[in-house]
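As structure tokens, the structure follows; a few thoughts come after it.
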Amino acid sequence: MSASSPLFRPFWLAYGLCGVVACGGGDSPADAGGERAPTSPVSESPPAGSGGSPEAPDRLFTSRLPVLGPWWPPLRAQVDPSRPPNPWREEGLAQLAQGVLAKGLREWVGGSEETLWAVIGPRTSFPMPLRPREVKVLRPGPELRLVEGVPEPSKVALVGIAGARERLGALLAPYVDWRSGGVEVWVDGVEFVSDALARTHVFVRIHGRKAERVLQTNLRMVADWRLGASRVVLASLVTERFQEVESGQPLFVDETANVLGVDAGAGSWLWQGAVESSERTDNLIPFTDVHLGMHGAAVGDLDGDGLEDLYIARPGGAPNRLLRHQPDGTTQDVAATSQVDFLDDTSGVLIVDLDGDGARDLALGVGTDVVLCWNDGRGHFPERTRLSRPAQDKVYSLAVADADGDGDLDLYDTRYFASNYGGGVPTPYHDAHNGASNSYWCNQGQREFEEATERVGLAVGNDRFSLVALWEDVDLDGDLDLYVVNDFGSNNLYRNEGGRFVEVAGAVGLGDMAAGMGISPSDVSGDGLLDLYVSNMHTAAGMRVTAAERFQPNAPESVRAHYRGHTRGNSILIQDGAGRFRDGSKDSLASPGGWAWGAIHLDMDNDGWDEFVVPNGFLTGPDPRDLASFFWRCVVNASPLDDVATPAYQNAWAGITRLTQVRGYCWNGNERHYAYLGSPGGRFVDLSRLSGLGLKEDGRVALRADWDGDGLEDLILKNRTAPVLRFMRNQTSEAGNYIAFELSDSGLNTEAVGALVQVRTDSRTLVRRVYAGEGYLAGQSKRLHFGLGGVPPGGTVEWVRVTWPDGQVQEVRDLASGKLYAWGRQSGHRALSRVDSGWGGEGARSSLPTLASTPNASLIALERVPCSSLPLPIEGGEGMTVGDYGGDLLLVYLWATWDAPSQAGLGELYAAKASFAEADLRVHALAMDGPRDASRVRDRMRALFPGAVGGRADRRTSALIELVLQATLGTYDDVALPLGLLMDSDGRLVSVHMGPPDVSSILDQARRLREGDPRDGGRWSHALTGGRWLLEGPTRNFTRAIEYLAKERGEEAFAAELQAFVDGR
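Our numbering puts the first residue of the sequence shown at 419, with every later residue one more than the last.
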């Protein structure tokens, strides 16, 4: 079952978000192509073999999936790249090589040669050592040691298994007897040298850990393969580049459990990720809003206590969280008392003082609007302003700065799909101009904003799929320019010319035609100028496919080159000092980052050179099979060269959506976050696993903040998958010194957004700017942190210079290091007393539980569904209705004698009978068996739940139950048993419990319903969800259901009940 909407909408459009493989998933009538035969919810004929054990019917409910055409089966078959009639030899070999090398190297460390033995022949050659005999020491340690090198060819190549033992033994020797570790392999290039020989380009990442050391080895290798009729044999293996980094411990450790306390336990909001919630969310919320997980976060001090708080955006139907930073490092959720626990789907988040009153406000992307929540000075937000426009395009990221130089802060929002998924698939894929238009909101004072996009020149080129924007003085003329990062093509740079803007990205080297998804500025080259790190897509499958001759065979080479650029990964764009940029990505070695989102900079070790942290991963689903290769072979490869989407291209998008949303396939899922160690010269080293940040989850947002006040920048990670939030403590030992600043001004721009701070040490000038909007969907801390490297404790920096947003410059010399300074333009600078908050006190440390991904126990009906007229058969007696239970809560439990889990659930409900009675909760058991199984139903119900009230659902009841499910669940193929329909005391559906009954969850909901929430009024479900809607909650459309009940089913009472509900709204 997959929840989307009771009526088909083209949700596949939502997967324009930039997009070992096996055959397609299970079939359903809707997957088979052609017309679907009508089915009855409950068969009135006995299934085959009904005289013995009962058999399940083909389906319980009619599929709600849209029927795909005859094009679908052959397209689905191509999930397997080796499938005739058009096999991709390159992909088949890549998957073989990737799997064999990863498994073989892992086994070799553990002492087994079995897997590699199968592909190593007597002529397999190892012409040089795989680990260089001599390495260049880039960092000597002892705490963090980094070496690199290239092996020298040997005079005599070693061959066969004996050669493998010597070469691999030397390479992997440091990992023998390590406590834990692993091997990851990516094949990102395949070349067929001849019919009998192929070459693969391979990246290998090995890591391991002992009690006192952590080690990571990065290898760029070339593996050649001999292709026989029945066997593939490794021909040779060489190392092209070798890097190894070693530390005494992981640089970061997870403190989430200690910060959140009870909120980190199983069943809390922390574990309600997209996988757990997508099929457990009322269809009043668009499925893609939940499934894609585009919900941001921001950090900032909202209550003025000197500690930075955290605001967490969540999908529709789940209240946003405001985590107030407590003195002991824990958090307290105060969203409800602060009046910001919104249930509306929220994307981008900023914490910034927009009205100049000295209290930081909240700016939120809520659906198609920007919502400004005004801080009353005490951390409460009783007043709000909505920035709305006629076009209904969903808001993503937000960016704030004084764009027109008038002293107050203006706002820019980015939007993605035109008409909120209705504008069509991105066409052509590599350079799409059919995206939504972004909006520029000019601050008019008094909390009023004007939509002024066209007036200031920002409408030019404003038709792409934008995900994030950054205000930065790119041309160094003193005012802030606007850099917009786009998916499916070039980025935009709007040069600020006195408050009007001119698009010049291509002319200054900032086009970066790729799949842009994030932005973070950092002085990578060390010249005192801010360079740009742009999050793009790196995909080994995409690199392989776009290099193949059969990919886009009719496209000009220039277009094919653009497609290859879409796969290469993150970009580092180096500023040359004259307002122009050059691409330094290849030399930096920091491009691979997976399906990267909001990568950010931070100085992990305070050495003065920034590191990068890259949240990674698109869609992890319950089915581990991944569509990374299918996406490039069958979707991107089908893109037209012009801007007219062909049926084949649109069908390809629809197909990959079916596989991910309905069948649960992964799409660049199960990827790890990346982390890169910075160094002089702008070269980076992958230390993802050694850092402790290389977690396998679908990341979206990274925030840097010195949470515990110890002078090291910590990280907060916001994920699509559970756990949706992580607090990562920086525990880098022997880190360098630091200095930090928090700026303030007496004007309307109280936080000095846009100000530039430069710090001069004895070796170089460090630079940071105050941003409101950086990364992706994110608001970073505005405390500017500078690692000082060799400046000794108690030492001073030569000078610190602040260039305020209006161009005024202030400078202080010989400032003491190791402190956080408050620097006001009028009041000067003063050292703040750091509040060392710790991470939850001095008690025993806790770790997050390792929990399997489990769907939420129930779907809450955000607007309740009247069901008093729903008939409930009783075995051996007259039927009744839900309304006949008047005044009591009621659980209608659907089960079947052919379904073992539902029978077990019936027994669990009986065991909880006393608890249910105390909660004034009744149970009515409805078996979904056919009429000829009535005696079996009676016998099983008596055995499992003696004294139960219930019976067998007849055709009438089943049809009406299906109608109720269609009103609440999304677009599903079928719905599995058991199901529990929880009704309030007025006979209205409030939740659907799916799967084995969670008795504690049912009782908790019963308690909440008894306590009630005065806002519900018999219509809403605040008692179960908590939170609040910004305006009125979403409204269910019962028009078709009323007509169907009255005219087609003859259920006048049920129709009248729905009509009365609608009339009473």
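Backbone N, C-alpha and C define an ideal beta-carbon position, used for all residues, glycine too. Predicted, not measured: the structure shown is a model, and the values here were computed from it.
Nearest-angstrom Cβ-Cβ length linking residue i and residue j, presumed shorter than 8 angstroms
| i | j | result |
| --- | --- | --- |
| Leu1307 | Met1412 | Wrong, their Cβ atoms sit about 18 angstroms apart, outside the cutoff. |
| Gly927 | Arg998 | 5 angstroms |
| Leu1007 | Arg1101 | 6 angstroms |
| Arg1219 | Ser1164 | About 20 angstroms separates the two Cβ atoms, so there is no contact after all. |
| Val603 | Val574 | Not a contact, Cβ separation roughly 28 angstroms. |
For residue i, the three-state DSSP class (helix, strand or coil)
| i | result |
| --- | --- |
| Pro465 | Per-residue confidence for Pro465 stands at a pLDDT of 39, beneath the threshold of 50, marking its modelled position as unreliable; no derived number is given. |
| Arg1051 | helix |
| Thr755 | coil |
| Leu1463 | helix |
| Arg804 | strand |
| Val977 | helix |
| Ser1351 | The residue you asked about is not Ser; residue 1351 is Asp in the sequence shown. DSSP places Asp1351 in helix when its eight states are reduced to three. |
| Leu1233 | strand |
| His709 | helix |
| Met955 | strand |
| Met931 | coil |
| Arg1437 | coil |
| Phe1030 | strand |
| Tyr605 | This sequence places Val at residue 605; Tyr is not what is there. In the structure shown, Val605 sits in a strand (DSSP, three-state: E or B). |
| His848 | helix |
| Leu1280 | strand |
| Ile1379 | helix |
| Ala455 | Here Ala455 scores only 34 on pLDDT, less than 50, and its place in the model should not be relied on; the value that follows carries that caveat. Three-state DSSP puts Ala455 in coil, outside helix and strand. |
| Arg549 | coil |
| Phe1102 | coil |
| Ala1123 | strand |
| Asp941 | coil |
| Met1022 | coil |
| Phe1479 | helix |
| Thr1078 | helix |
| Glu694 | helix |
| Asp445 | Confidence is the limiting factor: at Asp445 the pLDDT is only 46, short of 50, which leaves the residue's position unreliable, though a coordinate-based value still follows. Correct three-state label for Asp445: coil. |
Member of the options whose CA lies at the smallest distance from the CA of residue i
| i | options | result |
| --- | --- | --- |
| Gly1208 | Gly1127, Glu1293, Phe1102, Asp1023 | Asp1023 |
| Leu669 | Tyr847, Ala692, Tyr1094 | Tyr1094 |
| Arg494 | Tyr1328, Phe1048, Gln667, Tyr1194 | Phe1048 |
| Asp1392 | Glu1115, Arg1081, Asp1224, Arg1122 | Arg1081 |
| Ser1264 | Val680, Asn676, Ala1014, Ala1361 | Asn676 |
| Tyr830 | Leu888, Ala629, Gly797 | Leu888 |
| Gly735 | Glu726, Thr1299, Asp759 | Asp759 |
| Asp1338 | Arg833, Pro844, Ser1286, Glu1429 | Glu1429 |
| Gln1176 | Gly1193, Leu1202, Arg477, Glu531 | Leu1202 |
| Glu890 | Pro800, Pro571, Asp822, Tyr1189 | Tyr1189 |
| Thr985 | Arg807, Trp1027, Pro808, Ala1046 | Ala1046 |
Start and end residues, alpha helix (DSSP H) containing residue i
| i | result |
| --- | --- |
| Met961 | 958 to 965 |
| Val677 | 674 to 678 |
| His713 | It is not in any alpha helix (DSSP H) - His713 carries neither H nor E in the DSSP assignment. |
| Val527 | 507 to 527 |
| Gly924 | 923 to 926 |
| Ile1420 | 1417 to 1429 |
| Thr533 | 532 to 535 |
Residue i and residue j closer than 7 angstroms at C-beta
| i | j | result |
| --- | --- | --- |
| Arg962 | Glu508 | yes |
| Gly691 | Gly766 | no |
| Asp945 | Gly1205 | no |
| Leu652 | Thr533 | no |
| Ile1278 | Thr1443 | yes |
| Val663 | Leu948 | no |
Endpoints, beta strand (DSSP E) assigned at residue i
| i | result |
| --- | --- |
| Gln1068 | Careful: Gln1068 lies outside any beta strand (DSSP E), inside the alpha helix (DSSP H) at 1065 to 1075. |
| Gly1485 | A query on residue 1485 cannot be resolved here, the shown segment of the chain reaching from 419 to 1483 and no further. |
| Lys380 | The chain is shown only over 419 to 1483; residue 380 falls outside these bounds and no answer can be derived. |
| Leu740 | 739 to 743 |
| Phe660 | 650 to 665 |
| Ala1330 | Ala1330 -> no beta strand (DSSP E), and no H or E assigned at all. |
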